[in-house]
Amino acid sequence: MTSDRDSLAVRPSKAGSGQWLALALLLVLVQTLPSLSYPIGRDQATYCVIGRGLMHGATLYHDLWDNKPPGIFYIYAFIVRICGKAMWSIGLLDILWLLAISFCIFRFTERHLGKAAAFLAVQINAAMHIRAGYWDAGQPETFLMLFVFVSYFLISDRGNRRAFKAACSGALFGAAFWIKYNAVTFAPFLLLSPYFQNAGPRTSEQALNAGFDLRKETMRTVWFAAGFFLTSAILVLGLLFSGAWNGFLEEQFRVLPRYAATAFPASPHYWTWIAGQIQTWLGFWTLAAAPAAFVMAWRRRQLALLASVLMGAAGGFTALAVQMRYQPYYFETCYPFFAVLWAYLAVQLFDGARLLAGYFADRRWQAARVLMWVAFANLIAICLPGPVMRLVVNYKAFNAWRHDPAHFYSNYTWPGAAEDFRDVLRVVDYLKRDPDTAAGVYVWGNEPLIYYLSGHQPPARFVWNLPLIAPWGLHGWRQELIKRLSQSAPHYIVVARDDEIYDLSGTYQASRHVLQSFPALAHYIQTSYRPCADEAAFEIYCRSRDKAAGSSARSPS
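The sequence shown stops at residue 568 when you use the working numbering, and every number in between is there.
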């Protein structure tokens with residue numbers, strides 16, 4: 012067994028670091044370049060619509076509503092300001108984000124485990140992220156992890172101005188918290204990891220005993236908390252002065268508890284479904300990597316070197332578990348740290364193979380030495396087919412997108428795509444024939460991309476109709492919708508077919524069928540609108556002038 016001094020996994024030397032980092036980022040760019048062809052998914056379209064509304068003076072939760080904390084919408088207001096309505100904007104965002112998080116993962120891993128492990132961790136994380144396609148692009152969890160890593164670098168810096176850096180770290184952690192509240196699970200990682208800093212090669216005992224000053228560490232934590240509360244105070248004041256506070260309280264303290272409570276009944280075999288999701292997006296062997304890395308580090312007296320990674324993995328998995336619904340993008344909080352654990356095991360395995368090869372060479376057992384390296388190469392080859400085939404498929408799609416983006420999006424066939432982009436784009440094209448965006452459109456369905464690409468804003472605050480059909484919606488919201496529609500009288504109403512999302516809505520009925528249990532809206536459409544187009548997955552209704560008086564008629568409850 013090699014010592015700490017001999018192991019590649021504990022050589023945090025800076026020599027050649029820039030070249031390793033540049034090569035790692037180049038390979039990440041090669042993997043992620045096809046992401047430029049990603050369409051804008053349902054979630055991202057929601058953020059874009061609300062972000063655009065905020066940019067134009069709308070009040071969050073009052074004029075535009077979604078059941079997420081406010082941070083992600085302010086980020087998208089900035090993104091929309093820069094990119095506009097370009098369909099490729101989410102793909103570009105994903106590329107830039109993956110390069111940024113890869114830089115963070117490399118620097119984080121390098122300081123603990125060395126350049127080789129850092130290089131591998133970056134590639135493994137990229138492969139994990141890209142596997143989910145456009146679903147994971149631009150999600151709150153991705154921004155959350157970026158803020159967590161930058162916060163870590165600031166609070167763990169042992170240079171000058173520690174108090175200021177700790178305050179900035181807390182401020183960034185506050186930003187992560189207001190993007191998604193489960194960021195709080197990373198607090199132990201941020202506050203305890205600096206105790207395990209290794210400025211150079213050292214044993215576990217040396218790392219654990221490296222200069223701990225109770226007073227300085229207490230003050231560091233105080234400054235961290237001050238930064239966190241400063242960010243929170245600024246955001247709360249913004250909500251108060253913008254008029255969004257009451258809507259925020261309604262969403263956080265009335266709707267979110269109801270939403271969380273529906274997770275169990277939404278799936279009749281909840282625990283089996285959870286096991287399936289974890290197996291799909293993490294996998295048994297990735298979960299096993301954590302205890303395997305722990306045991307190996309403990310046996311080799313390198314546990315202090317891996318402590319920060321293990322705490323991050325625990326925080327990431329807890330952040331996943333507390334959300335209860337296990338959507339694919341929720342796993343983004345786990346990927347970076349489990350990638351580092353895989354990298355650690357890979358480097359340790361290489362160290363073991365190198366040691367064994369030396370043992371065989373000393374005894375002139377050339378056949379055994381060759382067979383050992385053949386076995387090692389086969390072990391590596393087992394991991395390659397999936398990522399390589401995925402890369403080939405992605406580049407074929409990227410090439411098709413380059414030649415004809417419109418045709419590509421209309422025939423988008425990513426496995427498991429939840430949206431019908433062909434009919435969504437047909438509806439958008441139909442609406443664009445009327446240049447008067449003030450005429451108004453209301454979409455009774457779950458496709459906010461129609462609003463975003465057509466340039467319309469929702470006449471009611473509900474960007475999609477899940478809050479109005481799901482059991483976690485509040486009593487009175489349906490009456491509010493009818494009131495808003497009667498006041499705004501949009502020229503078009505788009506009704507979706509076959510858009511059921513049972514795990515979120517609690518019903519297998521599509522939006523078209525839900526109208527049977529929402530007679531007020533059905534009556535409003537029947538008395539004030541006429542069918543004017545049918546795009547397979549959508550029915551488009553135009554306001555009927557000869558029935559205009561119907562909008563003021565008393566509708567059934």
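Even glycine gets a Cβ: it sits at the ideal position worked out from N, Cα and C.
Values in this document were obtained by computation on a predicted structure and should not be read as measured data.
Quick one: residues in its chain with C-beta nearer than 6 Å to the C-beta of Ala521, no 5 flanking neighbours on either side, listed in chain order?
-> By the criterion of a C-beta distance shorter than 6 Å, Ala521 is surrounded in its chain by Arg508, Asp509, Asp510, Glu511, once the five residues flanking it on both sides are discounted.
Provide the residue(s) that pair with Leu71 in DSSP beta bridges, ordered along the chain.
-> According to DSSP, which records beta bridges pairwise, Leu71 is partnered with Leu75.
Is the distance from the Cβ of Val91 to the Cβ of Arg63 below 8 Å?
-> Yes, Cβ-Cβ distance for Val91 and Arg63 is below 8 Å.
So what's Ala178 in DSSP terms, helix, strand or just coil?
-> Secondary structure at Ala178: helix, using DSSP grouped into helix, strand and coil.
To the nearest angstrom, report how far apart Gly211 and Ile116 are at their CA atoms.
-> The pLDDT assigned to Gly211 is 44, lower than 50, so where the model puts this residue is not dependable, and the model offers no usable value.
Cα-Cα separation between Ala332 and Asp445, rounded to whole angstroms | Their Cα atoms are separated by approximately 46 Å.
Helix, strand or coil at Ala315 [DSSP, three-state] = The DSSP-derived three-state label of Ala315 is helix.
What does Pro542 pair with, by DSSP beta-bridge criteria?
-> For Pro542, the beta-bridge partners assigned by DSSP are Tyr552.
Pick helix, strand or coil for Phe207, following the three-state DSSP scheme.
-> Note: Phe207 maps to helix in three-state DSSP.
Give the secondary structure of Gly82 by DSSP, where H, G and I count as helix, E and B as strand, and everything else as coil.
-> Note: Gly82 maps to helix in three-state DSSP.
DSSP three-state call for Val333: helix, strand or coil?
-> For Val333, the secondary structure class from DSSP, reduced to helix, strand or coil, is coil.
Which residue's Cα is closest to the Cα of Ala544: Phe175, Val506, Ala69, Ala533?
-> When each option's Cα is compared against that of Ala544, the closest is Val506.
Grouping DSSP H, G and I as helix and E and B as strand, with all else coil, what is Tyr87?
-> Tyr87 falls in the helix class under three-state DSSP.
Considering only residues of the region 383-465, which uninterrupted alpha helix (DSSP H) runs meet the minimum length of 4 residues and lie entirely inside it, listed in chain order?
-> Counting only runs of 4 or more, we get 396-414, 416-421, 432-443, 460-465.
For Val506, the first and last residue of its enclosing beta strand (DSSP E) = DSSP places Val506 inside the beta strand (DSSP E), whose first and last residues are 503-507.
Which class does Phe529 belong to by DSSP, given the choice of helix, strand or coil?
-> In the three-state reduction of the DSSP assignment, Phe529 falls in the coil class.
Would DSSP call Gly170 helix, strand or coil?
-> Annotated three-state conformation of Gly170 is coil, per DSSP.
Neighbourhood of Val8 by C-beta, 6 Å cutoff - its chain only, sequence neighbours within 5 removed | Outside the shown range of the chain (12 to 568) lies residue 8, about which nothing can therefore be said.
Tell me where the alpha helix (DSSP H) around Pro469 begins and ends.
-> Element bounds for Pro469: n/a, residue is neither H nor E.
Look at the alpha carbon of Pro416 and the alpha carbon of Arg380, and state the distance between them as a whole number of angstroms.
-> Those two C-alpha atoms are separated by around 52 Å.
Mark Met400 as exposed unless 16 or more other C-beta atoms lie within 10 angstroms of its C-beta, in which case mark it buried.
-> Counting C-beta atoms within 10 angstroms of its own C-beta, Met400 has fewer than 16 neighbours from the protein chains shown and is therefore classed as exposed.
Within the region 104-192, note down every full beta strand (DSSP E) run reaching 3 residues or more, in order along the chain.
-> Within the region 104-192, not a single complete beta strand (DSSP E) segment reaches 3 residues in length.
Among Lys191, Pro478, Pro347, the one whose alpha carbon lies nearest that of Leu110 | For Leu110, the nearest C-alpha among the options comes from Pro347.
Going straight from the alpha carbon of Phe84 to that of Gln359, what length do you get?
-> Note on geometry: alpha-carbon atoms of Phe84 and Gln359 lie some 43 Å from one another.
Which residues in the same chain as Ser243 place their Cβ atom closer than 6 Å to its Cβ, once the five residues preceding and following it in sequence are excluded?
-> Within the same chain, Gly185 come within 6 Å of Ser243 by CB-CB distance, once the 5 residues on both sides are set aside.
For Pro80 and Asp74, the rounded distance between their alpha carbons | Going by the C-alpha atoms only, they are around 15 Å apart.
Nearest-angstrom Cα separation, counted from His123 out to Arg213 | Bear in mind that a pLDDT of 49 at Arg213, under 50, signals an unreliable position, so the number given afterwards is only what the model happens to contain. Within the model, the alpha-carbon separation for Arg213 versus His123 is close to 10 Å.
Could you spell out where the alpha helix (DSSP H) holding Ile61 opens and where it closes?
-> Its alpha helix (DSSP H) spans residues 53-66.
Give the range of the alpha helix (DSSP H) segment to which Gly29 is assigned.
-> Gly29 -> alpha helix (DSSP H) spans 28-43.
Pick out whichever of Leu479, Glu491, Glu550 has its Cα sitting closest to the Cα of Thr518.
-> Across the set Leu479, Glu491, Glu550, the C-alpha of Leu479 shows the shortest separation from the C-alpha of Thr518.
Inter-residue spacing [alpha-carbon to alpha-carbon] between Thr538 and Ile504 = Near 13 Å, if we compare the C-alpha coordinates of Ile504 and Thr538.
Is the shortest distance between the beta-carbon of Leu183 and the beta-carbons of chain B less than 8 Å?
-> Considering every chain present, this structure includes no chain B. It has just one protein chain.
Would you mind sorting Lys443 into buried or exposed? The rule is 16 or more other CB atoms within 10 Å of its CB.
-> Exposed: under 16 other Cβ atoms inside 10 Å.
Starting from the Cα of Arg231, find the closest Cα among Gly466, Ser162, Val247, Val195 and give me that residue.
-> It is Ser162 whose Cα lies nearest to the Cα of Arg231.
Just tell me which of Ala35, Ala127, Tyr552, Trp99 has its CA closest to the CA of Pro45.
-> If we check each option's Cα against that of Pro45, Trp99 comes out closest.
Nearest-angstrom Cα distance between Gly170 and Pro199?
-> Roughly 22 Å between the two C-alpha positions.
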